[in-house]
């Protein structure tokens with residue numbers, strides 16, 4: 137026993153020194169852990185993001201701007217990031233994917249084609265025609281808090297709202313309008329009704345654009361519908377051509393009518409002026425005639441001959457003295 141006690145007494149200083157070093161190391165480790173813990177509160181918000189700060193689960197800041205920020209480490213504070221400037225894309229509608237349809241047809245032949253017609257989702261137009269539609273929409277987050285916390289699955293909700301808008305819009309239109317001139321109107325209606333529905337639900341989504349990618353009848357009647365569409369397009373083309381011809385002909389006819397009216401007015405003015413001039417001349421001639429009838433008659437007779445004779449052939453018969461020969465001389469007013 138004395139030997140053992142002596143051995144322990146010899147080790148005691150070494151043990152104290154070892155425990156002292158362990159305590160120092162543990163202290164440094166704890167300091168480092170605490171430092172790293174508080175350092176973990178530093179976070180970065182990207183340029184296309186917005187941060188939402190929560191204190192023990194309660195939102196205390198809804199819009200943290202891009203940059204470097206600090207919060208109390210978890211579990212005191214938490215930060216969720218949302219890409220509000222990122223435009224997302226989704227296709228919504230009532231159609232079956234082409235690859236799936238081809239697989240069914242290849243595997244089951246005619247039965248597969250029938251299966252495609254049966255399982256393909258569709259909507260009805262206002263005149264009770266089946267229509268397969270596919271719409272591509274672009275959307276973004278406009279309210280990060282509502283997008284993250286008010287709805288469990290906002291994208292699923294978005295798809296349902298847009299599908300409801302498609303059904304409600306297309307049922308108010310006849311099939312011919314959907315396939316031809318009504319596509320732009322259908323896009324506008326789906327966009328408007330979808331946004332109204334999303335705002336009413338408060339899911340924090342903003343729809344930027346809605347594009348109608350396809351609107352087709354069932355495959356079995358596509359050819360007949362194409363014939364109808366071609367006929368309507370031909371009708372529209374003929375109407376446009378007729379309107380163009382009308383717009384060209386009517387101005388020309390109006391211009392010709394205006395020119396004829398102007399010529400008639402000018403002719404009328406000339407005739408009136410000529411008649412008035414002749415009337416004045418006759419009045420003056422009458423006054424002269426009343427003054428000297430014989431002289432006036434002689435003057436008028438001479439003036440008449442001056443007008444008539446230059447254009448006539450004249451025969452002058454002369455008989456020379458002492459001869460019975462008659463010589464004829466011919467004169468004409470023409471040079």
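Numbering (our numbering), first residue to last: 137 to 471.
Glycine included, C-beta positions come from ideal geometry on N, C-alpha and C.
Model, not experiment: these values are computed from the prediction.
- As computed with DSSP, residue 217 is found in a beta bridge with 187.
- By the criterion of a C-beta distance shorter than 7 Å, residue 173 is surrounded in its chain by 209, once the five residues flanking it on both sides are discounted.
- Cβ neighbours of residue 372 within its own chain (closer than 8 Å, five residues either side excluded): none.
- Per DSSP, reduced to three states, the secondary structure at residue 363 is helical.
- With respect to the 8 Å criterion, residue 341 and residue 348 are not classified as neighbours on the basis of their beta carbons.
- Here the segment 220-228 does not lie against the segment 306-322, with fewer than 3 beta-carbon pairs under 8 Å apart.
- Counting along the chain, the unbroken alpha helix (DSSP H) around residue 329 starts and ends at 319-337.
- According to the DSSP assignment, residue 314 belongs to the alpha helix (DSSP H) that extends over 311-315.
- Taking 8 Å as the cut-off, the Cβ atoms of residue 266 and residue 202 do not count as close.
- In this structure, the beta-carbon distance from residue 259 to residue 303 falls below 8 Å.
- Assignment of residue 294 by DSSP, reduced to helix, strand and coil, places it in the helix class.
- Around the Cβ of residue 280, a 10 Å sphere holds 16 or more other Cβ atoms; the residue is buried.
- Rounded to the nearest whole angstrom, the CA to CA distance from residue 153 to residue 162 is 14 Å.
- Within a 10 Å sphere around the beta-carbon of residue 327 sit 16 or more other beta-carbons, which makes this residue buried.
- Of the candidates 311, 395 and 331, 311 places its Cα closest to the Cα of residue 264.
- Residue 207 is bridged by DSSP to nothing; it lacks a bridge partner.
- A distance below 6 Å between beta-carbons, with the five flanking residues on each side excluded, links residue 217 to the following residues of its chain, in chain order: 185 and 187.
- Rounded to the nearest angstrom, the gap between the Cα atoms of residue 392 and residue 381 is 16 Å.
- About 15 Å separates the Cβ atoms of residue 271 and residue 315, ruling out a contact at the 8 Å cut-off.
- Note on geometry: alpha-carbon atoms of residue 441 and residue 421 lie some 18 Å from one another.
- As DSSP reads the structure, residue 269 sits in a beta bridge with 230 and 351.
- Contact between residue 204 and residue 220 fails: their C-beta atoms lie close to 19 Å from each other, not under 8 Å.
- Cβ neighbours of residue 262 within its own chain (closer than 7 Å, five residues either side excluded): 307, 308, 309 and 310.
- Taking the Cα of residue 214 as reference, the smallest distance to any Cα among 378, 198 and 229 is reached at 198.
- Around the beta carbon of residue 357, a 10 Å sphere encloses fewer than 16 other beta carbons of the protein chains shown; the residue is thus reported as exposed.
- Residue 369 and residue 329 have their C-alpha atoms roughly 29 Å apart.
- Our two residues, residue 415 and residue 409, have alpha carbons roughly 10 Å apart in a direct line.
- Under the three-state reduction of DSSP, residue 264 is assigned to coil, being neither helix nor strand.
- CA-CA distance, residue 191 to residue 212, rounds to 6 Å.
- Within the DSSP bridge table, the entry for residue 197 names 189 as partners.
- Excluding five sequence positions before and after residue 394, none of the CB atoms of its chain fall closer than 7 Å to its own CB.
- When rounded, the separation of the alpha-carbon atoms in residue 294 and residue 206 is 34 Å.
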